[in-house]
Amino acid sequence: MKGPWREAQPLGSDALGGEPDGPAPRLVSFWVPGVPVPKGRPRFSSRGGAVRTYTPEKTRTYEDRVKSFGRLAMSGAPMTGPLKAVLRIHLPALKSGPKALRSAPPTGRPDLDNVVKAVLDALNGVLYADDAQVVTLEAYKRRCDPGEEPGVGVLVAEFRGVDA
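Each step along the sequence shown adds one to the number in my numbering, with nothing skipped, and position 90 is 90.
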């Protein structure tokens, strides 16, 4: 390819077919059981004339849950450099309605981007220094099959994106 830019590839898989350069990439993968919670809007309160901003309790509790599963899966210091994240969001199965509706892709709430935001924000300082390091992201939202547990599958890997 021309120029200093190449299509981003995971470390260890050279786009030109050569051998991987450097050490093997770090990769962390884990499952967060439970119904995914989207990132809530910040709330405001005033006390004594000063405005205070806070995260809603439901969001804070879910982020703490994601963070604890991330800590269990992570070994060593947080990753540095560009990262790739893959999130598979499994929502609870619908209990009633036509079969066609129950098997259709979930186009309602929670919004995919808000669940992704909650998960990536929760992993700041655990898997990586800041979620700004995520340069490529894949996210999927689907309903669970009957008997399957809702939750979020998380995979974060070091990524080689841009030649310096």
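Glycine included, each C-beta is placed from N, C-alpha and C at the ideal position.
Computed from a predicted structure; not experimentally measured.
Item                                                                                                                                                                               : Value
Using the rule of at least 16 other Cβ atoms within 10 Å of the residue's Cβ for burial, across every protein chain shown, is Ala164 buried or exposed?                            : Only weak support exists for where Ala164 lies, its pLDDT of 33 falling under 50; the value from the coordinates is given anyway. Label assigned to Ala164: exposed.
How is the beta strand (DSSP E) around Ser75 delimited, first residue to last?                                                                                                     : Run containing Ser75: none; DSSP gives neither H nor E here.
Let me know if Asp145 comes out buried or exposed under the rule of 16 or more other beta-carbons within 10 Å of its beta-carbon.                                                  : exposed
Considering only residues of the same chain and omitting the five flanking positions on each side of Trp31, which have a CB-CB separation below 8 Å?                               : Phe69, Gly151, Val152, Gly153, Val154
So for Arg109, helix, strand or coil by DSSP?                                                                                                                                      : coil
Which residue or residues does DSSP assign as beta-bridge partners of Arg143?                                                                                                      : Leu91
Sort Val37, Asp64, Val28, Arg142 by Cα distance to Ala93 and report the nearest one.                                                                                               : Arg142
Kindly list the residues whose CB is nearer than 8 Å to the CB of Gly71, restricted to its own chain and excluding five residues on each side of it in sequence; keep chain order. : Reading the sequence as shown, one finds Arg at residue 71 and not Gly. Val126.
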